[in-house]
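Student:
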Amino acid sequence: MSGITKEMTIGEILQTNPKVAPVLLDAGMHCIGCPSAQGESLEEAAMVHGIDIDELMSTIEAMD
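All residue numbers for the sequence shown refer to this note's numbering, where the first residue is 3 and numbers rise by one.
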């Protein structure tokens, strides 16, 4: 999905495209509404949750 990078915070991603929320939830990131979503990059959150960032980015990019 153009415009979304792994350096963006989850909050920024959801502002850019709210349709990404189900992808994040399916990946196990149930923190999309918590305060850390505003200050933690997608890459950092993926690492904390044990999610492969490259696979997650591929899934997000496939939404186009």
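Positions of the beta carbon are idealized from the N, C-alpha and C atoms, including for glycine. Model, not experiment: these values are computed from the prediction.
Is Ala47 close to chain B, meaning its C-beta is less than 7 angstroms from at least one C-beta of that chain?
Tutor: Although the question refers to chain B, the structure presented lacks it and comprises just one protein chain.
Student: Taking only three categories from DSSP, how would you classify Thr11?
Tutor: strand
Student: For Ser43, write down the residues that DSSP places opposite it in a beta bridge.
Tutor: Thr11
Student: Please determine, among Leu58, Ala64, Gly5, the residue with the shortest C-alpha to C-alpha distance to Gly30.
Tutor: Leu58
Student: Can you look up Asp56 in the DSSP assignment and give me helix, strand or coil?
Tutor: helix
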